[in-house]
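Under the working numbering, think of the first position of the sequence shown as 10, with each following residue one higher.
Glycine residues also receive a C-beta, built at the ideal position from the N, C-alpha and C atoms.
I have placed the structure first, in the form of structure tokens, so that the comments after it can refer back to it.
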Amino acid sequence: MTSASTFTRAKFTSSWVRTAPGNRPLVKLLSGIYQPDEGEIRFDGVPVHVRTLHDAQQLGISTVHQELNLIPHLDVGKNIYLGREPMRGRSGVIDWSALYSGARKQLRQLGIELDPHTPVARLGVATQQMTKIAKALVNDAHTLILDELTAAITAEEAEQLLLQLVEKLKAQGTGIILISHHLEDATRVGDCATVLRDGKYVDTLPMATSTPNDLIRLMVGRELVQQFPKEEIPFGRLRLLSSTSTAQACCGIFRSRCVRARNPRACGFIRLAQGAARWPVRSLNRQIDSGTIEALAPL
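Below, the structure is given as structure tokens:
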């Protein structure tokens with residue numbers, strides 16, 4: 010991967026690539042997990058060597074990874090200060106009062122009303138992401154890398170995270186790098202967007218004068234006329250016909266008015282709950298209560 014990106018404090022920079030392999034090395038280089046083969050990393054205009062995670066933390070760089078890596082059986086406060094617990098002098102005894110008051114203060118600075126005694130196992134995905142951000146900021150991080158922060162949360166939760174929490178961080182002077190596959194994330198609160206393609210730096214655009222189509226064009230390297238072009242596929246032979254079939258299964262009743270399967274098309278079933286459609290469909294090759302299933306061609 011080759012990059013010549015510049016990130017500024019108190020600004021929201023979103024990073025975009027056509028495929029994920031360009032982003033992960035960038036995160037790991039800035040976090041001290043990977044070492045560059047050539048070039049340099051400058052922090053506040055000074056060349057730095059980020060050899061370990063500790064080096065990154067000393068420079069004020071913290072990363073919130075996509076994976077939920079909090080410990081579920083511990084509460085919020087203990088997760089936030091895990092490995093950095095405040096001590097009572099030199100006694101080696103954890104100062105629990107200082108820990109929970111510090112966690113509560115950190116959460117409130119981010120606009121999060123959450124009891125630090127709450128077990129993480131009771132939290133939703135979005136609240137866990139907020140807790141991870143609070144944990145990353147405990148060391149007075151000046152640069153925060155958010156790796157796929159909105160990938161596993163709803164649009165409403167993403168709106169709260171990006172519009173409320175990120176704006177508070179920017180107001181506090183924290184530089185933010187967002188790695189995301191959602192173009193809407195950049196258009197919501199992004200100050201600028203950096204595009205990488207095939208592991209190489211392409212361009213950095215100000216979001217105030219850019220559109221999602223501009224980002225797409227830079228990511229794919231050409232003008233994209235249709236994002237989802239419709240392909241006309243001729244119908245093949247009718248291979249399976251199910252007419253008004255009903256089957257009683259262990260997880261409920263499966264009803265089908267009419268199912269047709271043709272070559273070379275795929276016939277799919279949509280289910281709302283785990284296993285709700287799978288077992289009744291499997292049971293059709295054993296017995297049905299009504300209707301017919303006809304194999305019109307060898308299956």
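- Contact annotation: Val211 and Ile142 have beta-carbon atoms that are not nearer than 7 Å.
- Between Val229 and Arg206, the alpha-carbon positions lie close to 7 Å from each other.
- Met96 has Ile103 as its beta-bridge partners, per DSSP.
- Along the length of the segment 123-178, whole beta strand (DSSP E) runs at least 3 residues long occupy 152-156, reported in chain order.
- Excluding five sequence positions before and after Glu176, the CB atoms of its chain that fall closer than 8 Å to its own CB belong to Val198, given in chain order.
- The continuous alpha helix (DSSP H) containing Asp194 extends over residues 192-198.
- Residue state for Arg33 is assigned as helix, using DSSP reduced to three classes.
- Counting other Cβ atoms within 10 Å of its Cβ, Lys239 stays below 16 and is therefore classed as exposed.
- According to the DSSP assignment, Val211 belongs to the beta strand (DSSP E) that extends over 209-215.
- Cβ-Cβ distances below 6 Å link Ala150 to Gly69, Ser71 in the same chain, with the five nearest sequence neighbours on each side left out; the list follows chain order.
- The alpha-carbon of Asp200 is positioned some 21 Å away from that of Leu146.
- Apart from the 5 residues on each side of it in sequence, Ala112 sits with its Cβ closer than 6 Å to the Cβ of Gly86, Ile89, Pro125 in its chain, given in chain order.
- Going by DSSP, Ile70 is part of the beta strand (DSSP E) stretching over 70-73.
- Assignment of Ile186 by DSSP, reduced to helix, strand and coil, places it in the strand class.
- Following the DSSP letters along the chain, one finds Val229 inside the alpha helix (DSSP H) bounded by residues 221-229.
- Cα atoms of Ile103 and Leu38: separation of roughly 33 Å, rounded to the nearest angstrom.
- Per DSSP, the unbroken beta strand (DSSP E) holding Val55 starts and ends at 55-57.
- Annotated three-state conformation of Leu91 is coil, per DSSP.
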